[in-house]
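For what it's worth, the working numbering labels the leading residue of the sequence shown as 30, then goes sequentially. Here is the structure we will look at, set down as C-alpha cells.
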Amino acid sequence: MLQRHREDPRFFEKILWSDESTFKKDSYMNLHNLHEWHVENKNLMREDRSQYLFKVNMWTGILNGRVISPFELPENLNAQAYLYFLQNQLPDLLEEVPLNIYGKIQ
C-alpha cells in the first residue's frame, strides 16, 4: 500500500474504508468504558438499565473523506446476508458519491 501511495499520493482517497459493528443491550452496560465528549451540556443523563434486550448491526464507510450513510444490517448477520448487502444495498448507498470519485474506487 505504501508503494501505491508513493506512486499515487491520492491512492488512499480512492479506497472505500468500511466496518460493521454490533451494538447490543444484554441487561448490562459497562459504563467504565463509555466515554463521551461534548461542547455543551456537561450534565449528560444516561439510562443504564433497561428491561428490553436488543442487538443492532450497523455498517458505515468512508470514501474520499466523506461518510457513507450508516446502514442497519440484519440482526442475525451471516455470510449470505452480508453478500446480499454488498451486491444489492451498498450500490444504493454509493449513489450519493460523485461519479468522478465513484469511478476510482479501489
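Backbone N, C-alpha and C define an ideal beta-carbon position, used for all residues, glycine too.
Asked, Found
"Cα-Cα separation between Ile134 and Arg33, rounded to whole angstroms", "14 angstroms"
"Counterpart residues of Leu102 in DSSP-defined beta bridges", "Asn86"
"Segment limits, beta strand (DSSP E) that includes Glu49", "Trp46 to Lys54"
"Residues bridged to Val96 (per DSSP)", "Ile91"
"Span of the alpha helix (DSSP H) around Ile130", "Leu128 to Tyr131"
"Rounded separation between Ile91 and Met30 - CA only", "17 angstroms"
"Local conformation of Asp121 per DSSP, three classes", "helix"
"C-alpha distance - Thr89 paired with Glu124, whole-angstrom precision", "14 angstroms"
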